[in-house]
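So the sequence lines, in the order shown, correspond to chains A and B.
Here our numbering is used: the first residue of the first sequence is 5, the next is one more, and so on.
Here our numbering is used: the first residue of the second sequence is 5, the next is one more, and so on.
Here a beta-carbon is modelled for each residue, glycine too, at the ideal position from N, C-alpha and C.
Encoded as structure tokens, the structure appears first; notes follow it.
Protein chains: 2
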Amino acid sequence: MSISLKQIRYFIAAAESGRISQAAVELNVSQSAVTAAVQQLETILGVRLLERHAAGVALTREGNRFLLHGRNIMAAVAEAVREPRAAGAAVTGTVRVGVTYTVSGYFLPRHHARFASSFPGVTVSLFEAPRDVIEQALLDGALDIAVMLVSNLQARDALASETLIRSRRRLWLPAEHPLLRQGRVGLSDVARHPYIMLTVDEAGHTAGRYWALTPFRPEVSFRTSSVESVRSMVAAGMGVTILSDLVYRPWSLEGQRLERRQVEDDIPTMDVGLAWRADTELTPAARTFREFVNLACAGQG
Amino acid sequence: MSISLKQIRYFIAAAESGRISQAAVELNVSQSAVTAAVQQLETILGVRLLERHAAGVALTREGNRFLLHGRNIMAAVAEAVREPRAAGAAVTGTVRVGVTYTVSGYFLPRHHARFASSFPGVTVSLFEAPRDVIEQALLDGALDIAVMLVSNLQARDALASETLIRSRRRLWLPAEHPLLRQGRVGLSDVARHPYIMLTVDEAGHTAGRYWALTPFRPEVSFRTSSVESVRSMVAAGMGVTILSDLVYRPWSLEGQRLERRQVEDDIPTMDVGLAWRADTELTPAARTFREFVNLACAGQG
DNA sequence: CGAACGGTATCGGATTTTTCGAAAACGGGC
DNA sequence: GCCCGTTTTCGAAAAATCCGATACCGTTCG
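Below you can see the structure in the form of structure tokens.
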């Protein structure tokens, strides 16, 4: 049997009032219904959520934690039900969106078609460029909004930004690589193998930041601006690399397998997000775009 | 009748496979069950979610939108069910938390007791100070993490941060104020009335930023570092102010009523969030604290 | 020490909801 | 105009939920 919203609603009421019988009154159901709902929840989760006392019930640690989750779920449901009628049929206009390399290939495509069908009146005009060009275009007013790696953002004062997803960077290896069999893998181990360096989206610069915290340096054997090329070279055993899960695929174009491993050292995540000019209001079309992408990325951050 | 998780699950399956009958097979239920679930959903929401064609079903605009919400809900549920057993009973240690004025009075109390009971092994050591002092303490390693107004953060390179909640800033007015009856209210209107300026948490500096975008200036009649005092003075009709919803209460300490109105001009939100030193890993206790506060604030941002 | 009290757990029966399978209606494509 | 795959409809069967009464348990008070 599976969890249900009713169980969550009853549990929240019981937790908040501190008495099952009181919660039952507030919910306009019988006390036994609330008791049963909480018990079902406890059975499914395999945890005791409430401590039963003579004076009522109190939350256990796990109950406390689940209460937070439960409230989030109910909030998400309320948001979903909240006037789905006004689904922006009326919004029209053009939104000029700047994107960087990684974003245009690996992030935006998932959402683009969906946005177009949700908002037929809004035209998305895409513009791919390096980070600095996009920042300037935003400041000049040539772009309304940008989807980019916000961790690389420079003009933090003049541009507002928000993070949409965080993608973990991990070590990419060919199948049968010795590091796959090793217990722990750190940057010191990576430094002993040829390294394929990606050069787009300031990947080299980012890599420099976390390598700089160690005494080691990657032994770069090849630099390329193509992720497909990185995959092929790693799969062919010509080197290893560290890149984000967002651009990872288990197969190279030639069909050879790629493996992936967590690195012990602390490597920052790759943060994809939105940026726009801070001191001007977004156009209606841009605001719509922002809301949509936010919604589409919620709950997978 | 109310929405249920089953309906959402069935709808998502139908939307993804594009055929109700196919979705039914995947869900191991009959076609009619899926049909009924989608219809119930459509009835409750008052919107058509799927277009029925001879070849199957396609999402409407509203269906598209609801699909995103539905996925978020299911993700939230999955997260809630995911091993609630390991609810950090084992985590022990001390986390040194820096807070600024607004946070310590209006944000943290809600979560503090709850955190303490969820993680009895973790001691929270609180330290209230102005923003600049806290930033320095983070950099010095005297604090593990801080809860503060991240929009005011200065050391953006050395400190990592994330936003927890955004609180809208609105105009506070005494009951029966003429601006309450006016159609639209902008900063130009506010400038014509005496203004009570709060001086804590760089509120004055923040206010300066959005006033600077207009030709108007607030006619400051009084400056204070006490929010209670602001409330009392506004309630008594001695002036108006613009402050965030987080610190708003409908009554002053004397029991007089306060009203609140949206301002036409674009006023930035007050963003409460976490900050910590970027180049060192969080301690286990600090990580626990971070995860907890994130969870507690999800779905109300 | 025992009875009264306030609370939760349990149980059987009634009710509501959900599900199923078959048949009917629908819409394109040939 | 008919065929095919699909969705909708419908009544009966199954499942679940709910209720109310009762049993139970710990505290408090006489």
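Residue-chain proximity (residue i, chain A), Cβ-Cβ < 9 angstroms
| i | result |
| --- | --- |
| His181 (chain B) | no |
| Thr292 (chain B) | no |
| Ile7 (chain B) | yes |
| Asp283 (chain B) | yes |
| Thr167 (chain B) | yes |
| Leu142 (chain B) | no |
| Ile77 (chain B) | yes |
| Phe123 (chain B) | yes |
| Glu83 (chain B) | yes |
| Arg118 (chain B) | yes |
| Arg253 (chain B) | no |
| Leu299 (chain B) | yes |
Assigned secondary structure, residue i (DSSP; H/G/I helix, E/B strand, else coil)
| i | result |
| --- | --- |
| Met242 (chain B) | coil |
| Gly50 (chain A) | coil |
| Ile169 (chain A) | strand |
| Ser108 (chain A) | helix |
| Val85 (chain A) | helix |
| Leu262 (chain A) | strand |
| Arg196 (chain B) | coil |
| Thr39 (chain B) | helix |
| Val103 (chain B) | strand |
| Arg23 (chain B) | coil |
| Ala289 (chain B) | helix |
| Ala300 (chain A) | helix |
Beta carbon of residue i nearer than 9 angstroms to that of residue j
| i | j | result |
| --- | --- | --- |
| Leu183 (chain A) | Arg265 (chain A) | yes |
| Val1 (chain A) | Arg173 (chain A) | Given that chain A is displayed from residue 5 to residue 305, the structure contains no residue 1 (chain A) and the question cannot be resolved. |
| Asn76 (chain A) | Ala302 (chain B) | yes |
| Phe70 (chain B) | Pro88 (chain A) | yes |
| Glu66 (chain B) | Arg86 (chain B) | no |
| Asn298 (chain B) | Leu143 (chain B) | no |
| His181 (chain A) | Phe296 (chain A) | no |
| Leu54 (chain B) | Ala300 (chain A) | no |
| Leu217 (chain B) | Thr245 (chain B) | no |
| Val224 (chain B) | Asp148 (chain B) | no |
| Asn32 (chain A) | Ser121 (chain B) | no |
| Val38 (chain A) | Ala58 (chain A) | no |
Cα-Cα separation, residue i to residue j
| i | j | result |
| --- | --- | --- |
| Asp269 (chain B) | Asn156 (chain A) | 30 angstroms |
| Pro222 (chain A) | Trp176 (chain A) | 14 angstroms |
| Trp255 (chain A) | Ser108 (chain A) | 20 angstroms |
| Ile48 (chain A) | Ala195 (chain A) | 47 angstroms |
| Gln11 (chain B) | Ala41 (chain B) | 5 angstroms |
| His197 (chain A) | Gly102 (chain A) | 36 angstroms |
| Ala282 (chain A) | Val128 (chain A) | 21 angstroms |
| Gln140 (chain A) | Gly74 (chain B) | 37 angstroms |
| Phe131 (chain A) | Ala19 (chain A) | 51 angstroms |
| Arg56 (chain A) | Ser230 (chain B) | 43 angstroms |
| Val238 (chain B) | Asp249 (chain B) | 15 angstroms |
| Ser6 (chain A) | Val29 (chain B) | 18 angstroms |
| Arg294 (chain B) | Val151 (chain B) | 10 angstroms |
| Tyr14 (chain B) | Glu263 (chain B) | 45 angstroms |
| Ala207 (chain A) | Arg160 (chain A) | 19 angstroms |
| Ala133 (chain A) | Tyr105 (chain A) | 7 angstroms |
| Arg188 (chain B) | Gly259 (chain B) | 28 angstroms |
| Gly243 (chain A) | Ile200 (chain A) | 6 angstroms |
| Gly277 (chain A) | Val126 (chain B) | 33 angstroms |
| Gly241 (chain A) | Pro178 (chain A) | 6 angstroms |
| Leu153 (chain A) | Gly97 (chain A) | 26 angstroms |
| Gly190 (chain A) | Gly50 (chain A) | 37 angstroms |
| Ala279 (chain B) | Leu163 (chain B) | 6 angstroms |
| Gln158 (chain A) | Phe220 (chain A) | 27 angstroms |
| Ser34 (chain A) | Met78 (chain A) | 22 angstroms |
| Ala211 (chain B) | Pro272 (chain B) | 9 angstroms |
CB contact check: residue i to chain B, cutoff 9 angstroms
| i | result |
| --- | --- |
| Gly102 (chain A) | no |
| Ile48 (chain A) | yes |
| Phe220 (chain A) | no |
| Val51 (chain A) | yes |
| Ala59 (chain A) | no |
| His1 (chain A) | Outside the shown range of chain A (5 to 305) lies residue 1 (chain A), about which nothing can therefore be said. |
| Asp270 (chain A) | yes |
| Asn68 (chain A) | yes |
| Arg264 (chain A) | no |
>> For a minimum of 4 consecutive residues, which ranges assigned as the alpha helix (DSSP H) are wholly contained in the segment 198-260 of chain B?
In response: Whole alpha helix (DSSP H) segments, 4+ residues: 207-215 and 231-239.
> Which full runs of the beta strand (DSSP E) of 3+ residues lie inside the segment 121-190 of chain B, going along the chain?
Replying inline: 126-132, 149-153, 163-171 and 173-178
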